[in-house]
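Visitor:
In the UniProt record's numbering, the protein residues as written are 1 to 460.
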């Protein structure tokens, strides 16, 4: 296997391969997905080792949040792709009669999947599997911030696929820039808002459709009637997964003021239960991806009041689980997405106040609500706009191939997972198959008052 990075961009080769029509065969797609699934299973230990090298993820967390979820998504697509690819019959309207109408799915062509470093394996292959299932060729661009995983992705794809069908382009900003100068038929990007804007701008030059999976400050709202112990447990789990480097991690917590003092010790309790009294010494505790992000997150803590944590080890790039209180809404830690194991906790008096706090900020990728009241659930989920979320839990809304996952507004556009992935990477053609035996003369000139009266009876 090659050790060098592959920086060639085989767009022309993939366009030529796509033109041959092989990927339009659903059985070809299923065989490719099965090959990918088996290849991942064979290399599971290598993938886990790479995730540990890049992010210090344990084998359990690697399988739970990356390898296992990828296999589950691929298996779901294998089982359902034939159903998704079938033309969909729809009724003809009176103006089309007599006719048969259908919606026919077709692949876009050559697609680009640009993946981030925080879940570098999952967020490369979940969208790529959707592109393959829909019949596209695909170029995967892994993040240079996760070099070990990037290398494993390249080696896996080179082992399994002709680069004219699926290829990997490694590298950093230079390669990203080169890729975005190419004319793709679809671009799927996961990453920061700042880079997402650049991707959209470059795609616009070619009128290339895009899906943008971005981020934002995802709030937790803890009402006074919540099961406080369970809420603390599930918030700490979601916050500290991958050391907070999760796009849908709880970014800050709004707690009704009557229960704030009871809730803070419960957060501390579950931090200690999960990671011990000395988390930085725990063998399974993940780290920041690099020094830049370590320094950025530690900088957000400057001058803030900690309930627990607030320390780090720059040598290992680990930051202790940190709970903050008495935070100003205008503090730096409340202005930018944290993307680290730091949870600011702010009080609110009324639900109106909490809703206003969330609504006046950019629409988040996720929202989490903890309450026993069904009327509160209806109220918050109907009034506030967000990508997706959970009631009385965190994170789990993205762990399903049966529900779309994506952002809204500043947190992204488009969605994927399961059928949503297939649809994202498919163009829907509407086809009217018109009968030849009967040709209603109403639409043809000359236009008369009688025809107009009939037209108005049909179209109203």
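Here a beta-carbon is modelled for each residue, glycine too, at the ideal position from N, C-alpha and C.
1. Mind checking residue 293: buried by the 16 CB within 10 Å criterion, or exposed?
2. Could you check the C-alpha separation between residue 170 and residue 348 for me, to the nearest Å?
3. Cα-Cα, which of 150, 273 and 209 is closest to residue 186?
4. So does the region 313-321 actually touch the region 329-345, counting three or more Cβ pairs closer than 8 Å?
5. Evaluate the contact criterion for the region 57-71 versus the region 133-146: three or more CB pairs, one atom per stretch, below 8 Å.
6. Using 8 Å as the cut-off, can you tell me whether the region 387-394 makes contact with the region 158-175, which would need three or more C-beta pairs spanning the two stretches below that distance?
7. Taking 8 Å as the threshold (C-beta atoms), are residue 54 and residue 149 in contact?
8. Are there 16 or more other CB atoms within 10 angstroms of the CB of residue 60, so buried, or fewer, so exposed?
9. Please classify residue 405 as buried or exposed, where buried requires at least 16 neighbouring CB atoms within 10 angstroms.
10. Classify residue 47 as helix, strand or coil using the three-state DSSP reduction.
11. How about residue 98 and residue 407: do their beta carbons lie closer than 8 Å?
12. Confirm, please, whether the CB-CB distance from residue 244 to residue 337 is below 8 Å.
13. If you draw a straight line from the alpha carbon of residue 193 to that of residue 247, how long is it in whole angstroms?
14. Please report the distance separating the alpha-carbon of residue 49 from that of residue 151.
15. Starting from the C-beta of residue 416, find all residues in its chain whose C-beta is less than 8 Å away, skip the five residues before and the five after it, and write them out in chain order.
16. Express the C-alpha separation of residue 41 and residue 122 in angstroms, rounding to a whole number.
17. Considering only their Cβ atoms, is the gap separating residue 184 from residue 110 smaller than 8 Å?
18. Check this for me: beta carbons of residue 469 and residue 82, under 8 Å apart or not?
19. Under 7 Å Cβ to Cβ from residue 104, same chain only, skipping five residues before and after it: list those, please.
20. With respect to the alpha helix (DSSP H) encompassing residue 84, which residues constitute its N-terminal and C-terminal limits?
21. From the DSSP secondary-structure annotation, give me the bridge partner or partners of residue 101.
22. Just to confirm before moving on: does the CB-CB distance between residue 133 and residue 385 stay below 8 Å?
23. Would you mind sorting residue 283 into buried or exposed? The rule is 16 or more other CB atoms within 10 Å of its CB.
24. Please give the ranges of any alpha helix (DSSP H) in the region 101-155, keeping only runs that are unbroken, at least 4 residues long and fully inside the region.
25. Kindly indicate which three-state DSSP category residue 14 falls into: helix, strand or coil?
26. What residues in its chain sit with their C-beta under 6 Å from that of residue 191, if we drop five residues either side in the sequence?
27. DSSP on residue 451, reduced to helix/strand/coil?
28. Alpha carbon to alpha carbon, how far is residue 159 from residue 15?
29. Give me the DSSP bridge partner(s) of residue 427.
30. Assign residue 40 to one of three DSSP states: helix, strand, or coil.
Guide: With the given structure in hand:
1. In this structure residue 293 is buried. Its beta-carbon is surrounded by 16 or more other beta-carbon atoms within 10 angstroms.
2. Each residue's CA atom was taken as its position, placing residue 170 and residue 348 some 46 Å apart.
3. Of the candidates 150, 273 and 209, the one whose C-alpha sits nearest the C-alpha of residue 186 is 209.
4. With the cut-off at 8 Å, the region 313-321 and the region 329-345 touch.
5. Under the Cβ criterion (8 Å, minimum of three pairs), the region 57-71 does not count as touching the region 133-146.
6. No contact exists between the region 387-394 and the region 158-175.
7. In contact: residue 149 and residue 54 (Cβ atoms closer than 8 Å).
8. Here residue 60 is exposed, its C-beta having fewer than 16 other C-beta atoms within 10 Å.
9. Within 10 angstroms of the beta-carbon of residue 405 lie 16 or more other beta-carbons, which makes it buried.
10. Of the three classes helix, strand and coil, the one that applies to residue 47 here is helix, per DSSP.
11. At least 8 Å separates the beta-carbon of residue 98 from that of residue 407.
12. No. Outside cutoff.
13. Rounded to the nearest whole angstrom, the C-alpha separation of residue 193 and residue 247 is 11 Å.
14. So the two alpha carbons sit approximately 12 Å from each other.
15. Taken in chain order, the residues that qualify are 126, 127, 130, 188, 211, 213, 404, 405, 406 and 424.
16. Taken atom to atom, the span from the alpha-carbon of residue 122 to that of residue 41 is near 14 Å.
17. Result yes, Cβ atoms of residue 110 and residue 184 sit closer than 8 Å.
18. In the structure displayed, the chain extends from 1 to 460; residue 469 sits before or after that span and is not available.
19. Taken in chain order, the residues that qualify are 87, 429 and 431.
20. For residue 84, the enclosing alpha helix (DSSP H) covers residues 68-85.
21. Looking at the DSSP assignment, residue 101 forms a beta bridge with 90 and 432.
22. Judged by their CB atoms, residue 133 and residue 385 are not nearer to each other than the 8 Å cut-off.
23. By the Cβ neighbour-count rule, residue 283 is exposed, with fewer than 16 other Cβ atoms within 10 Å of its own.
24. Fully enclosed alpha helix (DSSP H) runs of no fewer than 4 residues occupy 122-133 of the region 101-155, in order along the chain.
25. Helix at residue 14.
26. 116, listed in sequence order.
27. Three-state result, residue 451: helix.
28. About 21 Å.
29. Note: residue 427 sits in a beta bridge opposite 106.
30. Of the three classes helix, strand and coil, the one that applies to residue 40 here is helix, per DSSP.
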